[in-house]
Amino acid sequence: MAAPSVSLSLSDYTARISGRLVTNTLGQIDAAFQGLSADGPTLTLDLSGLEALDTGGAYLVVRLRRRLAAEGTEVHISGANPDQMQLIDTVSEALPKDEGQEDLPRGVKEWLEDLGEGTYQGWLSVLSLLSFLGLTLQRFLRMTLQPRRLRMPALVSQMQETGLNAVPIVALMGFLIGVVLSFQGAAQLRQFGAEVFVVDLIAISIFRELGILLTAIIVAGRSGSAFTASIGSMKVREEIDAMRTLGLDPIDVLVLPRVLALVIMLPALGFIANIAGIFGGALMSWIELGVSPGMFITRLYENTDVWHLGVGMIKAPFFAVVIGVVACWRAMQVKGSSESVGRQTTSSVVQSIFLVIALDAAFSIFFSEVGV
Amino acid sequence: MDGALTPEKAQSDVQREAVIRVRGLRTQFGTQVVHDDLNLDVWRGEVLGIVGGSGTGKSVLLRTIVGLNRPAAGSIEVLGVDVLNGPEAERRNVETRWGVAFQDGALFSSLTVLQNVMTPMREHLKLSPALMKALGELKISLVGLPPLACGKLPSELSGGMRKRAALARALALDPEIVFLDEPTAGLDPIGAAAYDDLIGELQRSLGLTVFMVTHDLDSLYAICDRIAVLAEKRVLVEGPIEDMTAVDHPWVQEYFTGPRARAAQEKSQ
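Protein sequence lines, in the order shown, are assigned to chains A and B. Position 21, counted from 1, in the first sequence is what the working numbering calls 22; the numbers after and before it change by one each time, with no gaps. Position 29, counted from 1, in the second sequence is what the working numbering calls 41; the numbers after and before it change by one each time, with no gaps.
Right, here's the structure in full:
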């Protein structure tokens, strides 16, 4: 196919357009149309040389006619066949009367407005999260009074999905953390000849903080995102609305089993991570520092208070509630499109990890205040 | 078969230009054969309605013609280009000369309506952003959407508006052929009638060829110049709607002489 072309020539108050004035060729002629100005009171637009005209081309004609009319020049269109005239009229009718307003430059006022709006929206979402937490707790209490409301199959299947299936990754993560701590500790402690203290280092840091915190982060990424995506997709397809009309409570059916499954499984996963971490640490201490397993265990028994494990495990159910509630709450914020599911899933993971770390910090302060 | 394509009939069609020419098409999924030896011509400037029972492969035919399904055998020519085996450059060129509006719009959910309409322009045309924006707004206005709809996301529109927005995107490159899949499905009767009018009006003023898969008898009576009935894995019969009642086939008889068909016919008169 030959390159489509179009040309415009101006003489004696007559602009002659020839060739194909179609969407494909608009790029060539747009500037010529923009620059066209008639000094007289009328301008004749001669379209007799046109081979083709489409809505894009008609738009240029109509735009020219409007612009010149505003400048006081009347445009006559001649030589167009009836179909082309009809097309020009259709486009002229469809074209919005006022040209789209240009975006105004943004000043300090708009910036302040955005800031205020953002703060307000942030506050609203805090309120919304808290009310969702309240709703979930209320439904939980109702369930303890009426145990048949508990969806046993859903709970068990969620426990398998979020708990059992996560064991390999959590155990591996714990093992590697133990190995890393042991390596790093060894390098420092060897300088003082205090190799044996590596046991305290590993045990206390894993039991109190790392085991449960990193498990929570993995679970937030793994199960939290799955919760938001699955419930969010149901929201998009109006399945949640369908549930409500069938008299099923989405909190009972979808949210409670997931949150409960996490509350039950997260401590178990955390415990597995702790054990794997101790195992990894002991193995590395043996290889790297020559601390034998027997010595490691004796030292662990004698020097590490069981409270260190308790302090870590106490936090697990709280982390579980944060992850589960944030994920389900974000899922309920999904609106309309699949795009929204993706966005909410991202915020679900980011916010639950952030809140877990913030909560962990709060626990640390609390435990150091009460002195355990 | 009285409506099917015969050599004599093809002879008389010589002065008309076939923009779509399907010959000996065979489509199958695994062992399930959807079309077998299907022939179809679509003439320039007509509105062709494709009807047929559920599962007769109406949408599959549309998807095959626009290249979303690869047929097992046969040839498809669109605007004189072999879209199955022709040179890559020619096939890409043809793609800019047709527009497809899918059943539920298939608008890109992360883009606004205006951005959706501008997407094919950005891809295929070299135009200034301001001109593209103006053309996009024009297309949106042509399909009868208010200017306010430009900045909205597809999820914020009603079903009928989404269908209109999909049509605007299909028209973005000023195509010669528009494929519509169930354009009025899921619309209320008033919305469906308005959409029919819109398609008819655009078809006349833009000189479009429209290939429309539909179940809607009102649309068939209101705007279709010709109808092709899919049954028994091929185009059983094609012709103007008045001829359909004379066809001796149980499904066609039931479809075109049932109470709904009579109501639609009365309405159109």
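A virtual CB, placed ideally from N, CA and C, is assigned to each residue, including glycine. What you are looking at is a predicted structure, and each value in this text was computed from that prediction instead of being measured.
Asked, Found
"What are the residues of the segment 11 to 41 of chain A that lie near chain B, defined by any Cβ-Cβ distance shorter than 8 Å?", "V23, T24, N25, L27, G28, D31"
"Does DSSP put V292/A in a helix, a strand or coil?", "coil"
"In or out: Y302/A buried (at least 16 other Cβ within 10 Å) or exposed?", "exposed"
"Quick one, are the C-beta atoms of T56/A and L154/B less than 9 Å apart?", "yes"
"How is the alpha helix (DSSP H) around T226/B delimited, first residue to last?", "Segment: none, T226/B is in no alpha helix (DSSP H) and carries neither H nor E."
"Just list the beta strand (DSSP E) runs in the segment 28 to 92 of chain B, keeping only unbroken ones of 3 residues or longer that don't cross its boundaries, in chain order.", "30 to 41, 44 to 55, 59 to 63, 85 to 90"
"Between S170/B and chain A, is there a C-beta pair that is closer than 9 Å?", "no"
"Name the two residues that bound the continuous alpha helix (DSSP H) containing H136/B.", "125 to 136"
"Look up T216/A in the DSSP assignment and say whether it is helix, strand or coil.", "helix"
"Let me see if you follow: with CB-CB separation under 9 Å, is P97/A close to chain B or not?", "yes"
"Let's see if you can read the secondary structure: which residues bound the beta strand (DSSP E) around R107/A?", "Unbroken run through R107/A: none, as it is neither H nor E."
"Could you check if K138/B is buried or exposed, using at least 16 other CB atoms within 10 Å of its CB as the buried criterion?", "exposed"
"Identify the contact partners of G119/A in chain B, using a Cβ-Cβ distance below 7 Å as the criterion.", "Neighbours of G119/A on chain B: none; closest Cβ ~20 Å, over 7 Å."
"How big is the Cα-Cα spacing for G101/A and L128/A?", "Summary for G101/A: the model assigns pLDDT 49, below 50, so the residue's position carries little reliability; its value from the coordinates is reported in the next sentence. Rounded to whole angstroms, G101/A to L128/A spans 38 Å at the Cα level."
"Using C-beta distances below 8 Å, list every residue in its chain close to T124/B, excluding the 5 sequence neighbours before and after it, in chain order.", "C162, G163, K164, L165"
"How long is the line joining the alpha carbons of R28/B and G73/A, rounded to whole angstroms?", "46 Å"
"Compare the beta carbon distance of T137/A and L310/A with 9 Å and say whether it is the shorter of the two.", "no"
"Within 9 Å (strictly less), CB to CB, does S71/B reach chain A?", "no"
"Could you please give me the residues that DSSP links to E250/B through a beta bridge?", "A240/B"
"The ligand SAM heavy atoms versus the CB of E75/A: any closer than 8 Å?", "Ligands displayed in this structure: none; no statement on the ligand SAM is therefore possible."
"Per DSSP, which one or two residues make a beta bridge with V7/A?", "G20/A"
"Consider the Cβ of S6/A: report whether some Cβ of chain B lies at a distance smaller than 9 Å.", "no"
"In the structure shown, what three-state DSSP assignment does A118/B receive?", "coil"
"Does any residue of chain B bring its CB to less than 9 Å from the CB of Q122/A?", "no"
"Which one of E196/A, A70/A, G58/A, R140/A has the shortest CA to CA distance from V292/A?", "E196/A"
"Please look up how many angstroms separate the CB atoms of L229/B and A258/B, rounded, as I've assumed it's under 8 Å.", "With a Cβ gap of about 17 Å, L229/B and A258/B do not count as contacting."
"How long is the line joining the alpha carbons of R68/A and L183/B, rounded to whole angstroms?", "25 Å"
"Are the C-beta of E379/A and some C-beta of chain B separated by less than 9 Å?", "Coverage of chain A is limited to positions 2 through 373, which leaves residue 379/A absent and any answer about it impossible."
"For D9/B, go through chain A and note every residue whose CB falls closer than 7 Å to its CB, in chain order.", "A query on residue 9/B cannot be resolved here, the shown segment of chain B reaching from 13 to 281 and no further."
"Thinking G111/B and R174/B are a contact (beta carbons under 8 Å), I'd like their distance in whole angstroms, please.", "With 8 Å as the limit, G111/B and R174/B do not qualify as a contact, their Cβ atoms being about 16 Å apart."
"Answer yes or no: do A59/A and R21/A have a C-beta to C-beta separation smaller than 9 Å?", "no"
"Measure the C-alpha to C-alpha separation of L61/A and E107/B and round it to an integer number of angstroms.", "24 Å"
"Residues of chain B with CB closer than 8 Å to the CB of K336/A, please, in chain order.", "S167"
"For G337/A, which option in A95/A, K316/A, R238/A, P268/A has the closest C-alpha, if you only look at C-alpha atoms?", "R238/A"
"Could you compute how far the alpha carbon of G123/A sits from the alpha carbon of A243/A?", "30 Å"
"At a Cβ cut of 7 Å, what residues of the segment 218 to 246 of chain B count as close to chain A, listed as they run along the chain?", "L218, G219"
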